[in-house]
Amino acid sequence: MALLTINSLLNFFGEEKSIQRGENHYKSSHIEKFYYHEGIIRGEVQASMKKKVYKVTVYLNQDFEIKSTECECPRGEFKCSHAAAIFIHGIHNLSRTDIECRWKKRKAAEIRCKNMTWVGKNRKRCITHQPVKLQSWV
């Protein structure tokens with residue numbers, strides 16, 4: 001199942017022209033680099049006519065919909081075709097299994113020491129660690 005959706009692309013860009021040009025970049029293999037990490041897509045897209053490469057960043061919300069985009073191109077602040085191309089590349093190449101499951105992330109646990117020993121003049125060191133469940137105080 002796809003992680004990124006066409007609906008998200010259409011909702012964010014709205015402009016058919018940017019999406020069409022982005023699709024042309026994608027089909028012409030202009031995507032040179034593509035990275036995804038924790039809601040951020042980064043990549044490099046080759047310009048259509050010039051021998052120039054633009055760095056692109058797409059920020060996603062928790063539902064993997066586009067929040068905002070950045071690009072080094074002259075139109076970079078205005079939903080450019082390079083950002084559309086990176087997102088289209090993600091639609092075709094990024095799946096739900098490529099990201100770490102949210103439920104696997106560990107929560108910080110409080111650790112309490114059973115035995116303390118003196119290490120220096122005013123310093124103690126914990127000998128035995130025993131994890132303790134966090135309690136909520138309401």
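In UniProt numbering, the protein residues as written are 1 to 138. For glycine and all other residues, C-beta sits at the position ideal for the given N, C-alpha and C. From a predicted model like this one, the values you see are computed outputs, not experimental measurements.
Asked	Found
Same chain, Cβ closer than 8 Å to Q135, five either side skipped, listed in chain order	Because the pLDDT of Q135 is 49, which lies under 50, any placement of that residue in the model is unreliable, and the question is left without a value.
Helix, strand or coil at Q46 according to DSSP, with G and I counted as helix	strand
Stretch pair the segment 52-61 + the segment 18-28: three plus CB contacts closer than 8 Å	no
Proximity winner among S29, V45, N7, Y35, relative to Q73 (alpha-carbon distances)	According to the sequence shown, residue 73 is Cys rather than Gln. Here the closest residue by C-alpha is V45.
Residue range of the alpha helix (DSSP H) that includes H89	81-93
Beta carbon of G22 nearer than 8 Å to that of S81	yes
Member of F64, R42, S29, Y36 whose CA lies at the smallest distance from the CA of N11	F64
Under 8 Å between C-beta atoms of F87 and I66	yes
Distance, L4 Cα to K50 Cα	29 Å
The ligand HEM heavy atom lying under 7 Å from the CB of L4	Among the ligands in the structure shown, none appear at all, so the ligand HEM cannot be discussed.
CA nearest to the CA of H37, picked from A47, L60, A84, H92	L60
8 Å Cβ shell around I40 - same chain, five flanking residues per side excluded	T57, V58, Y59, L60
Range of the contiguous beta strand (DSSP E) that encloses S8	Where S8 is concerned, there is no enclosing beta strand (DSSP E), although the alpha helix (DSSP H) it sits in stretches over 6-13.
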